[in-house]
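First to last, the protein sequences are chains A and B.
When the letters of the first sequence are read in order and numbered with the working numbering, they come out as residues 10 to 151.
When the letters of the second sequence are read in order and numbered with the working numbering, they come out as residues 169 to 735.
Cβ atoms here follow ideal geometry from the backbone N, Cα and C, with glycine treated the same way.
Just so it is clear, the structure is predicted and the values come from calculations on it, not from any experiment.
First the structure, in the form of structure tokens, and then the observations on it.
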Amino acid sequence: MRTRKASTIEDHLSILICDDHEVLRHLLRARLENWFDGAEILEAADGEAAITIAAERNPDVIIMDIALPGMNGIDATKAIKRWSPDTPVVILSVHELDAYRDEARNAGALHYIAKRNMHSELSAVLSELLDGRTASAESSKD
Amino acid sequence: MGPIQPLNILLVEDNPADARLIESYLGRGIRGSVELRTCKRLDEALDLVRRQPPDAVLLDLGLPDSQGLETIDRLAARSDGLPVVVLTGRHDEQVALQAIRRGAQDYLSKGAFDAELLGRTIRYAVERSHAEKSIRASQKRYRTLLHRQTTINDLALALGTTADVGRIYRTLHTYVDDLLPADAFVISHFDRETRMIRPACVAMSSQEHDRVLPEIPFTADGADAQSLVIRTKQPLRIDDWDVAAVGAQENGRIVPAGRVEGLRLVISDEWRGSNRSALLAPMLCQGDILGALQLQCRKPNAYQEEDLSLLSGLANVAAIAIHNAQLVKESQIQAGRLRAAFDGIIETISAAAEIRDPYTAGHQKRVAHLATAIAETLGLDQNSVESVRIASLVHDLGKLGIPAEILTKPSRLTDTETEIIKTHTGAAYRILRSIDFPWPIAETVYQHHERLDGSGYPRGLRGDEVSLEARIIGVADVVEAMASHRPYRPALGLEAALEEVRANIGVGFDTSVGEACLALFEERGFDFDRNEERTRDDEDAVGLAASQSRGSNRLYRHVTTNTHSLQ
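Given below as structure tokens:
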């Protein structure tokens with residue numbers, strides 16, 4: 010198994026976006042770069058790519074769409090959680106039914122945000138997750 | 169120069185022989201009269217110091233009730249800054265130096281000094297002590313001034329770029345309250361047009377709470393304190409209203425009571441209540457007077473000369489912030505008006521395009537409703553959502569150029585008629601491209617019949633060539649059209665429309681757009697004719713701009729009533 014975190018990326022945050030829609034991915038990237046100055050934004054267009062990038066780059070947080078070509082975001086989340094149980098996954102979807110939320114939670118996602126609410130909710134959720142992440146990364150150095 | 173006071177010296181010495189010797193030295197060594205008190209014990213000395221502080225103390229460190237350096241500590245603890253000269257035994261320099269470190273001014277070794285040295289040592293000790301005292305006082309004053317300057321800077325930072333006048337008033341009040349006493353705090357606004365001075369923010373102490381301040385007319389001859397400050401643009405200090413002891417700052421100088429620029433003043437007490445002293449500063453921004461800041465205190469003589477410049481500094485910082493807030497408000501009102509005009513024009517164009525086709529009346533509005541909802545569901549930013557909304561409202565503008573009989577034809581169109589219909593996107597493009605919208609409206613409208621698989625018209629664009637806005641309107645257009653009645657067919661129904669979306673997801677329709685559209689209907693019960701609650705947080709900005717187009721006067725009054733009782 011790979012080492013938990015390569016020293017080269019220990020310095021700044023990295024966030025993986027998984028969404029098959031290129032335009033939406035770019036919009037989200039722009040927003041994240043605005044919120045988290047200097048953060049490294051990784052992109053995956055489908056579930057398989059997300060699993061690979063998650064394993065290779067070990068991002069601080071993963072933002073996952075549900076409807077993806079091939080493997081859906083819920084299954085991709087399950088796979089990622091098997092390999093890196095500590096990596097937080099936030100589902101960002103157009104769907105708002107409780108059934109989706111339940112599935113996401115069972116798959117191991119920490120948060121579920123409707124895309125239309127991302128303006129108000131995503132930044133707060135990420136700040137909370139990433140603050141905890143950097144704090145624990147700091148303390149594990151000792 | 170007043171008469172020379174006798175030098176008051178306290179000698180603390182338990183050895184009577186030493187005491188006598190020093191007494192005789194003092195008589196010869198100091199010119200002028202000396203008042204000498206002598207005691208043998210430290211507790212006696214402390215008592216004498218308490219009763220009347222001497223100009224200097226001659227202190228033997230070895231006393232019956234106190235020995236060594238502790239003696240000087242105990243004396244210093246009871247007499248702040250009192251000059252002490254320590255008397256030590258011969259060859260006791262180490263002790264002497266430590267005594268000085270603990271606050272003694274000087275030392276004398278017994279047997280090694282004469283009358284002249286004693287006299288000089290005492291005089292120097294007294295003078296040094298005076299000098300230290302005045303340095304301490306000026307340091308304290310400097311610290312106070314520094315604190316005041318820092319406070320003015322802090323206020324500027326705290327006010328920042330806020331456009332909320334009420335917040336500016338409250339912040340100013342907090343800062344002033346921290347530095348200056350006040351039973352009443354009044355910010356008045358000078359209305360240049362009506363020539364009235366209006367209390368804009370009033371905070372009273374609990375005793376003053378019920379007082380209501382009326383609007384007062386500005387008087388050009390400055391018969392009241394407010395008018396005077398507003399006219400002269402100078403701060404004003406009123407030491408005691410009861411004895412009309414008025415001092416006005418003119419060119420940085422306090423001029424005698426009742427005389428400002430040659431006028432005899434009768435300072436009106438309209439806003440005074442039972443308060444006796446007051447401090448007023450003009451609120452100036454780029455030389456323009458916005459109003460005045462006034463503090464009142466029940467005590468007379470509550471304010472010092474330096475308070476004038478402090479209050480002026482705070483008032484001017486606040487004035488700049490208020491001025492900026494007014495500019496922001498005006499530009500928001502202006503933007504709100506432009507925005508309303510723009511919306512009106514778009515709606516007119518939208519309606520004009522539908523006049524010749526009554527069967528599809530409201531189609532563009534309904535498409536705009538759905539397309540906007542899809543854009544929001546996808547999480548697009550406010551600006552992109554607005555782009556989708558405007559383009560939707562005019563997407564069929566090109567139908568103005570299609571013969572009415574084709575548009576309203578109750579039977580199926582011929583191939584030629586269909587080709588004519590297909591020219592409407594190009595026609596709309598040619599009209600809209602000449603308008604400098606802040607969004608790509610013309611291009612979006614041009615593309616709204618394109619499909620990702622290249623099956624659309626007029627250009628047969630594919631995939632990435634079709635913009636996201638056009639993809640959204642394309643889906644919304646089809647769904648609305650199928651769900652509604654048309655001259656040539658009854659409504660196919662919503663379910664058929666959604667089935668069409670499902671069938672075309674990933675073919676002609678964008679997957680995410682189609683999915684968002686289905687989620688809207690299936691999960692959130694979207695209804696074309698119901699105005700959904702606006703759930704997005706950043707919608708508030710629009711409502712704000714609209715509510716601010718009511719005029720600035722009302723906003724000011726609103727602030728007045730809301731901030732009347734800050735405390």
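> For B:Y625, which of helix, strand or coil comes out of DSSP?
Replying inline: Locating residue 625 of chain B in the second sequence gives position 457, counting from the first residue. Three-state result, B:Y625: coil.
> For B:S327 versus B:T339, is the C-beta spacing smaller than 7 Å?
Replying inline: As a first step, residue 327 of chain B is located in the second sequence; it is residue number 159 there, counting from the start. As a first step, residue 339 of chain B is located in the second sequence; it is residue number 171 there, counting from the start. Reading the sequence as shown, one finds Leu at residue 327 of chain B and not Ser. Cβ distance < 7 Å, so B:L327 and B:T339 count as in contact.
>> Here's the rule I'm using: 16 or more other beta-carbon atoms within 10 Å means buried, otherwise exposed. How should B:V294 be labelled?
In response: Your numbering for residue 294 of chain B matches position 126 in the second sequence. When all chains shown are included, B:V294 counts as buried.
>> Out of B:G271, B:C465 and B:L286, which one is the CA nearest neighbour of B:R197?
In response: Here residue 197 of chain B corresponds to residue number 29 of the second sequence, with the count starting at 1. The sequence shown places Gly at residue 197 of chain B, rather than the Arg named in the question. The residue with the shortest Cα to Cα distance from B:G197 is B:L286.
> Can you tell which of B:R557, B:L538, B:P403 and B:L629 has its C-alpha closest to the C-alpha of B:R698?
Replying inline: Locating residue 698 of chain B in the second sequence gives position 530, where the first residue counts as 1. Closest by alpha carbon: B:L538.
> At what residue ranges does the region 190 to 246 of chain B contain a whole run of the alpha helix (DSSP H), taking only runs of 4 or more?
Replying inline: 210 to 219 and 237 to 246
> Would you call the CB atoms of B:L323 and B:V485 closer than 7 Å?
Replying inline: As a first step, residue 323 of chain B is located in the second sequence; it is residue number 155 there, counting from the start. As a first step, residue 485 of chain B is located in the second sequence; it is residue number 317 there, counting from the start. Yes. Within cutoff.
> In whole angstroms, what separates the C-alpha of A:L25 from that of A:I50?
Replying inline: As a position in the first sequence, residue 25 of chain A is number 16, starting the count at 1. As a position in the first sequence, residue 50 of chain A is number 41, starting the count at 1. If I take the Cα positions, the gap works out to 6 Å.
> Any C-beta of chain A sitting closer than 7 Å to the C-beta of B:S680?
Replying inline: Here residue 680 of chain B refers to the residue found at position 512 of the second sequence. Chain A contact via Cβ: present.
> Should the region 517 to 527 of chain B be called in touch with the region 485 to 495 of chain B, which here means at least 3 C-beta pairs below 8 Å?
Replying inline: no
> B:I599 to A:M80, Cα distance in whole Å?
Replying inline: For this step, residue 599 of chain B is matched to residue 431 along the second sequence. For this step, residue 80 of chain A is matched to residue 71 along the first sequence. Going by the C-alpha atoms only, they are around 45 Å apart.
> Is there at least one Cβ from chain B nearer than 7 Å to A:H21's Cβ?
Replying inline: Counting from 1 along the first sequence, the entry for residue 21 of chain A is found at position 12. So, not an interface residue.
> So A:V99 and A:A118 are in contact, right, with Cβ under 8 Å, and what is the actual spacing, rounded?
Replying inline: Here residue 99 of chain A corresponds to residue number 90 of the first sequence, with the count starting at 1. Here residue 118 of chain A corresponds to residue number 109 of the first sequence, with the count starting at 1. Contact flag correct, Cβ pair sits at about 7 Å.
> Measuring CB to CB, does A:A116 end up less than 7 Å from A:T86?
Replying inline: For this step, residue 116 of chain A is matched to residue 107 along the first sequence. For this step, residue 86 of chain A is matched to residue 77 along the first sequence. Yes, these two residues count as a Cβ contact at 7 Å.
> Three or more C-beta pairs closer than 8 Å, one from the region 212 to 228 of chain B and one from the region 240 to 248 of chain B: is that the case here?
Replying inline: yes
> How about B:I542 and B:C453: are their beta carbons less than 7 Å apart?
Replying inline: As a first step, residue 542 of chain B must be located in the second sequence, where it is residue number 374. As a first step, residue 453 of chain B must be located in the second sequence, where it is residue number 285. Not a contact, by the Cβ cut-off of 7 Å.
>> According to DSSP, simplified to helix, strand and coil, what is B:T256?
In response: Indexing the second sequence from 1 puts residue 256 of chain B at position 88. It is a strand residue.
> Whose Cβ in chain A lies nearer than 9 Å to the Cβ of B:L620?
Replying inline: Stepping through the second sequence from its first residue, residue 620 of chain B is reached at position 452. Neighbours of B:L620 on chain A: none; closest Cβ ~12 Å, over 9 Å.
>> Using a 10 Å radius around the Cβ and a threshold of 16 neighbouring Cβ atoms, would you call A:S129 buried or exposed?
In response: The sequence position of residue 129 of chain A within the first sequence is 120, counting from 1. It is exposed - the Cβ of A:S129 has fewer than 16 other Cβ atoms within 10 Å.
>> By the three-class DSSP mapping on this structure, what secondary structure does B:V423 have?
In response: If you number the second sequence from 1, residue 423 of chain B lands on position 255. A caution first: B:V423 carries a pLDDT of 45, below 50, which makes its placement in the model too unreliable to give a value.
> In chain B, which residues lie with their C-beta within 8 Å of the C-beta of A:E52?
Replying inline: For this step, residue 52 of chain A is matched to residue 43 along the first sequence. Going along chain B, no residue has its Cβ under 8 Å from A:E52, so there is no contact; the nearest lies around 15 Å.
> For B:P626, which of B:A520, B:A264 and B:A595 has the nearest alpha-carbon?
Replying inline: Along the second sequence, one-based indexing puts residue 626 of chain B at 458. Among B:A520, B:A264 and B:A595, the Cα nearest to that of B:P626 belongs to B:A595.
>> Could you check whether the Cβ of A:R114 sits closer than 7 Å to any Cβ belonging to chain B?
In response: Position 105 of the first sequence holds residue 114 of chain A. No, A:R114 lies away from the interface with chain B (no Cβ there is under 7 Å from its Cβ).
>> Alpha carbons only, please: which of B:V675, B:I365 and B:R505 is nearest the one belonging to B:E618?
In response: The sequence position of residue 618 of chain B within the second sequence is 450, counting from 1. Ranking the options by Cα distance to B:E618, first place goes to B:V675.
> Under 7 Å between the Cβ atoms of B:V344 and B:L194?
Replying inline: Looking up residue 344 of chain B in the second sequence gives position 176. Looking up residue 194 of chain B in the second sequence gives position 26. Cβ distance not < 7 Å, so B:V344 and B:L194 don't count as in contact.
>> Against chain A, which members of the region 656 to 670 of chain B pass a CB distance test of less than 8 Å?
In response: none
> Which residues mark the beginning and the end of the beta strand (DSSP E) in which A:E4 is found?
Replying inline: Since the displayed chain A opens at 10 and closes at 151, residue 4 of chain A lies outside it and no answer follows.
> Cα separation between A:G56 and A:I71?
Replying inline: Numbered from its first residue, the first sequence carries residue 56 of chain A at position 47. Numbered from its first residue, the first sequence carries residue 71 of chain A at position 62. Roughly 12 Å separates the two Cα atoms.
> For B:L231 versus B:R209, is the C-beta spacing smaller than 7 Å?
Replying inline: Working through the second sequence from its first residue, we reach residue 231 of chain B at position 63. Working through the second sequence from its first residue, we reach residue 209 of chain B at position 41. Yes.
> Going by the CB atoms, is the gap between B:L662 and B:A651 shorter than 7 Å?
Replying inline: For the purposes of this step, residue 651 of chain B is taken as the residue at position 483 of the second sequence. For the purposes of this step, residue 662 of chain B is taken as the residue at position 494 of the second sequence. Their beta carbons are under 7 Å apart, which means B:A651 touches B:L662 by this criterion.
> Looking at the structure shown, is B:P450 part of a helix, part of a strand, or coil, going by DSSP?
Replying inline: Along the second sequence, one-based indexing puts residue 450 of chain B at 282. The answer is strand: DSSP assigns B:P450 an E or B state.
> Does DSSP put B:Q173 in a helix, a strand or coil?
Replying inline: Here residue 173 of chain B corresponds to residue number 5 of the second sequence, with the count starting at 1. Note: B:Q173 maps to coil in three-state DSSP.
>> Quick check on B:S373: does DSSP put it in helix, strand or coil?
In response: Taking the second sequence and counting its residues from 1, one reaches residue 373 of chain B at position 205. If DSSP states are grouped into helix, strand and coil, B:S373 belongs with coil.
>> Contact criterion: CB-CB distance below 7 Å. Does A:H104 meet it with respect to chain B?
In response: Counting from 1 along the first sequence, the entry for residue 104 of chain A is found at position 95. Yes, because at least one Cβ of chain B sits closer than 7 Å to the Cβ of A:H104.
> Can you name the residues that DSSP bridges to A:C27?
Replying inline: Here residue 27 of chain A refers to the residue found at position 18 of the first sequence. Bridge partners of A:C27: A:A53 and A:M73.
> By the criterion of Cβ-Cβ separation under 7 Å, what are the contact partners of A:K87 in chain B?
Replying inline: Start at 1 with the first residue of the first sequence, and residue 87 of chain A comes out as number 78. Under the 7 Å cutoff, chain B gives no residues; its nearest Cβ is about 21 Å from A:K87.
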